[in-house]
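End of the sequence shown sits at 458 in full-length UniProt numbering; the numbers just go up one at a time, nothing left out.
Beta carbons are placed, not taken as given, at the ideal position from N, Cα and C, and that holds for glycine.
All remarks here apply to the structure that follows.
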Amino acid sequence: MRVYIIVAAVFWCGYVDSRKVRGISSSYKRFYRERKSFLCIDGSRMIPFEQVNDDYCDCEDGSDEPGTSACPRGRFYCTNLGFRPHYIPSSRVNDGICDCCDASDEYNSHARCQNTCWNLGQRERAYVEGQMRTLDEGLRLKQQLIEEGVLLWREKQAQLRELQQVAEDLQVKLEEHRRKKHEADRLKEQTLKALEAGDGGLIRHQNSSVTSIFHLLDSNKDGSLTVDEIKAKVVLVHDEQRVLSEDEALALLDRGHRMDLSKFQSTLWDVLTRGDTVKIKDTQGAPGSLSSEDPHLKAADRAAEWEATNLKKVEEAYETVNMEISDLQKKLAIDYGTDWEFLFLNGQCYKLKVYEYTYTLCPFNQVTQKSTAGVEVSLGMWGMWTGKPKNHYSQMVYENGEPCWQGGSRSTTVTLTCGTETALRSVKEPSKCQYIMDFQTPVACQPVLKQQGIHSEL
C-alpha cells in the first residue's frame with residue numbers, strides 16, 4: 001500500500017521551488033521542477049510529480065526518493081551549511097542516528113540531533129588555516145634550501161673538477177716516481193751483481209782488502225778465526241746449503257784451531273780468492289756482511305728504499321683521490337630534484353625511537369633498525385624515487401635489506417610530507433619485513449590551491 005508524503009510546493013514561474021525538496025544538491029535541483037510528471041534521472045520511468053519523496057521507490061536509480069529511505073540505491077544530500085556537504089545512503093534517513101551535521105537526515109525521527117556544522121566548520125577552517133600557514137612557511141624554507149642546493153651543487157662540481165686535476169697531476173708524479181724507483185732498483189741490482197759476479201767476484205770486483213774479509217769472518221772480533229766462525233761464514237761452492245764439517249773447517253784453518261790475520265793472508269785468503277772450492281756464504285744485507293758494509297751498495301740500497309717510499313706515498317695519494325672522485329661522482333649521479341632541493345639531505349641521518357627499536361633514515365644511503373640490545377638490521381639501501389607522475393619526489397624506496405626469516409629481503413618505503421622541520425615522524429610495519437616511514441621536510445611542500453568545499457555561509 002502506497003503511503004504519500006505531501007511535498008510542500010511553492011509555485012513560481014511555473015515550477016515547484018526545488019529548495020523544498022529534501023535530500024538534493026543545488027546541481028540536481030533542475031530535475032525537480034514542478035511539472036505534471038517527473039522523469040527518473042536515469043530516464044527509466046516517468047511518474048506523477050506528487051510521487052516524489054512519497055516514501056515509495058518508483059525509480060530504479062532512487063532519484064524519486066532523495067529525501068526518504070525508501071530506495072535501496074538512493075542517496076541523501078546533507079547540505080551542512082558551515083561545513084562540508086556530503087551524501088549518505090538513503091537507508092540512513094530517519095534511522096535515529098544523526099549522520100548530517102545539520103540534522104537534516106533525521107527530520108522525522110525520535111532522534112534529537114543538534115546542528116554542529118558551524119563548530120565543525122570552525123575547527124576544520126582553523127586546521128586548514130594552520131596547514132596553509134605551515135605550507136607557506138614550508139615553501140619559504142624550501143626556497144632557501146633550493147638556493148642552498150644550487151650553491152652546494154656548484155661547489156660539488158667545482159670540487160670534482162679540482163679532484164680530477166689533482167688526479168691528473170698525481171698521475172704524472174706517479175709515472176715519474178715509478179721511473180725513478182725502476183732506475184734505483186736497477187742501480188742496486190747492478191751493484192749487487194758487481195759484488196756477486198763470478199766465484200770469488202765478491203772479493204775481486206770491490207777490491208776488498210784482506211783485512212775487511214778477515215774482519216767479516218771474525219764474528220767475535222777477537223783477532224782470530226775459529227772453526228765455528230769458518231763454519232758460520234764459509235760454504236762449498238757446489239753445495240751452499242750444507243754446513244761445513246769440523247774436519248773441513250780445520251782443513252781451511254790449515255789444521256789449526258785458530259788462525260790470525262797473518263796466517264789468513266797466506267792461506268785461506270788465496271783459497272777464497274780462487275773461488276773454485278769454497279766461498280763466503282751469501283749474507284747480503286745481513287749485519288756485518290760484506291755487502292751490507294759496502295758503501296756503494298749502501299748508497300744504492302738507501303736510494304732504492306727512498307724511491308720506494310716516495311712511490312708508495314704518491315700511490316696512496318692517487319688511490320685516495322680516485323676514491324674521493326668515485327664517491328663524489330656517485331653522489332652527483334643521484335636525482336636530487338629538479339632544483340637540487342633534496343641535495344642537503346645527502347650525508348644526513350634522522351632517528352626515531354618506536355618502542356624498543358631505534359630507526360635511522362639516512363636519505364640516499366640506507367635505513368636501519370637497532371634494538372635496545374644493540375643489534376642493528378638493514379631495512380634497505382637507497383633504491384629510487386617512486387612517487388606518482390604529478391609528484392615524483394614524494395616517495396622513496398630502499399631495497400635489498402637484510403634477509404627476512406620468511407624469505408625475501410627487508411625494504412622500506414618513505415613518504416615525504418610537507419613540514420617546517422626535517423624529521424622522521426613515524427615508522428610502521430604493515431606487513432612482515434615491509435616498512436613504511438613518514439618523513440617530513442620543507443622541500444616536500446608543493447604550491448596548491450587553497451582547499452575548497454567548506455561552507456562559510458551563515
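Closest residue to residue i among the options (Cα-Cα distance)
i: Tyr-28; options: Ser-44, Gly-67 and Arg-45; result: Gly-67
i: Ser-245; options: Met-259, Leu-297, Ile-230 and Val-210; result: Ile-230
i: Asp-99; options: Tyr-77, Ser-431, Asn-119 and Trp-118; result: Tyr-77
i: Asn-400; options: Ala-167, Trp-153, Thr-368 and Tyr-32; result: Thr-368
i: Tyr-107; options: Asn-119, Cys-101 and Asn-94; result: Asn-94
i: Arg-73; options: Pro-447, Asn-80, Thr-79 and Ser-63; result: Ser-63
i: Glu-162; options: Gly-96, Gln-51 and Leu-328; result: Leu-328
i: Met-396; options: Ala-304, Cys-404, Arg-425 and Phe-364; result: Phe-364
i: Ser-25; options: Glu-60, Arg-45, Tyr-87 and Phe-49; result: Tyr-87
i: Ile-41; options: Arg-33, Cys-59, Thr-226 and Asn-53; result: Cys-59
i: Asn-310; options: Asn-322, Lys-173 and Trp-385; result: Lys-173
i: Asn-346; options: Arg-22, Val-354, Gly-337 and Lys-353; result: Gly-337
i: Gly-419; options: Asp-222, Arg-140 and Ser-69; result: Arg-140
i: Asp-438; options: Asp-185, Gln-366, Ser-409 and Leu-352; result: Leu-352
i: Ser-109; options: Ala-103, Gly-96, Asn-119 and Ser-44; result: Gly-96
i: Arg-186; options: Leu-152, Glu-305 and Pro-389; result: Glu-305
i: Tyr-350; options: Glu-124, Val-235, Glu-421 and Gln-165; result: Glu-421
i: Ala-300; options: Ser-90, Phe-344, Ala-232 and Glu-183; result: Glu-183
i: Arg-21; options: Gln-241, Met-46, Asp-61 and Glu-65; result: At residue 21 the sequence reads Val, which differs from the Arg that was named. Measuring from the Cα of Val-21, the nearest candidate turns out to be Glu-65.
i: Val-234; options: Lys-281, Gly-380 and Tyr-393; result: Lys-281
i: Thr-360; options: Ser-262, Leu-424, Cys-404 and Phe-344; result: Leu-424
i: Asn-220; options: Ala-158, Lys-279, Arg-258 and Ala-103; result: Arg-258
i: Glu-168; options: Met-381, Val-321, Thr-415 and Ser-431; result: Val-321
i: Gly-408; options: Ala-103, Ser-431 and Val-271; result: Ser-431
Euclidean distance between Cα positions of residue i and residue j
i: Glu-356; j: Ser-371; result: 6 Å
i: Pro-442; j: Arg-179; result: 56 Å
i: Thr-116; j: Pro-85; result: 13 Å
i: residue 463; j: Thr-417; result: Shown here, the chain extends from 1 to 458; a query on residue 463 therefore has no answer.
i: Asn-80; j: Cys-101; result: 6 Å
i: Cys-57; j: Arg-112; result: 27 Å
i: Glu-147; j: Glu-341; result: 8 Å
i: Pro-287; j: Ala-194; result: With a pLDDT of 44 at Pro-287, under the threshold of 50, the predicted position of this residue should be treated as unreliable, though the coordinate-derived value follows. If I take the Cα positions, the gap works out to 20 Å.
i: Gly-285; j: His-177; result: Low per-residue confidence applies at Gly-285: pLDDT is 45, beneath 50, and the placement is therefore not dependable, though the value from the model is reported in the following sentence. For Gly-285 and His-177, the distance between alpha carbons rounds to 25 Å.
i: Arg-35; j: Phe-49; result: 7 Å
i: Phe-264; j: Phe-214; result: 7 Å
i: Thr-134; j: Gln-144; result: 15 Å
i: Tyr-435; j: Ser-378; result: 11 Å
i: Gln-406; j: Ile-325; result: 40 Å
i: Gln-131; j: Val-448; result: 11 Å
i: residue 463; j: Asp-335; result: Shown here, the chain extends from 1 to 458; a query on residue 463 therefore has no answer.
i: Glu-429; j: Cys-362; result: 18 Å
i: Asn-53; j: Gly-121; result: 29 Å
i: Asp-55; j: Gly-82; result: 29 Å
i: Ala-126; j: Asp-136; result: 15 Å
i: Gln-440; j: Ser-37; result: 58 Å
i: Ala-249; j: Leu-192; result: 27 Å
i: Leu-217; j: His-238; result: 20 Å
Limits of the unbroken alpha helix (DSSP H) element including residue i
i: Thr-211; result: 210-217
i: Ser-266; result: 261-266
Run of the beta strand (DSSP E) containing residue i, from where it starts to where it stops
i: Ile-436; result: 434-441
i: Val-429; result: Sequence check: residue 429 is Glu here, not Val. Its beta strand (DSSP E) spans residues 423-431.
i: Asp-395; result: What sits at residue 395 in the sequence shown is Gln, not Asp. Unbroken beta strand (DSSP E) run through Gln-395: 395-399.
i: Ile-97; result: Premise fails: Ile-97 is in no beta strand (DSSP E) and is neither H nor E.
i: Cys-418; result: 411-418
i: Glu-234; result: The sequence given here has Val at residue 234, not Glu. Start and end: 234-236.
Residue i (DSSP reduced to helix, strand or coil)
i: Gln-241; result: coil
i: Pro-363; result: coil
i: Leu-253; result: coil
i: Ser-224; result: coil
i: Glu-376; result: strand
i: Gln-369; result: strand
i: Gly-275; result: coil
i: Thr-358; result: strand
i: Arg-112; result: coil
i: Ile-280; result: strand
i: Lys-388; result: coil
i: Gly-407; result: coil
i: Gly-121; result: helix
i: Gly-337; result: coil
i: Gly-383; result: strand
i: Tyr-127; result: helix
Minimum Cβ-Cβ distance from residue i to chain D less than 9 Å
i: Asn-322; result: This model lacks chain D altogether; it includes just one protein chain.
The ligand FAD heavy atom lying under 8 Å from the CB of residue i
i: Leu-252; result: You won't find the ligand FAD in this model; it holds no ligand whatsoever.
Counting only runs of 3+ residues fully inside the region 18-88, write out the beta strand (DSSP E) ranges in chain order.
37-39, 46-48 and 75-78
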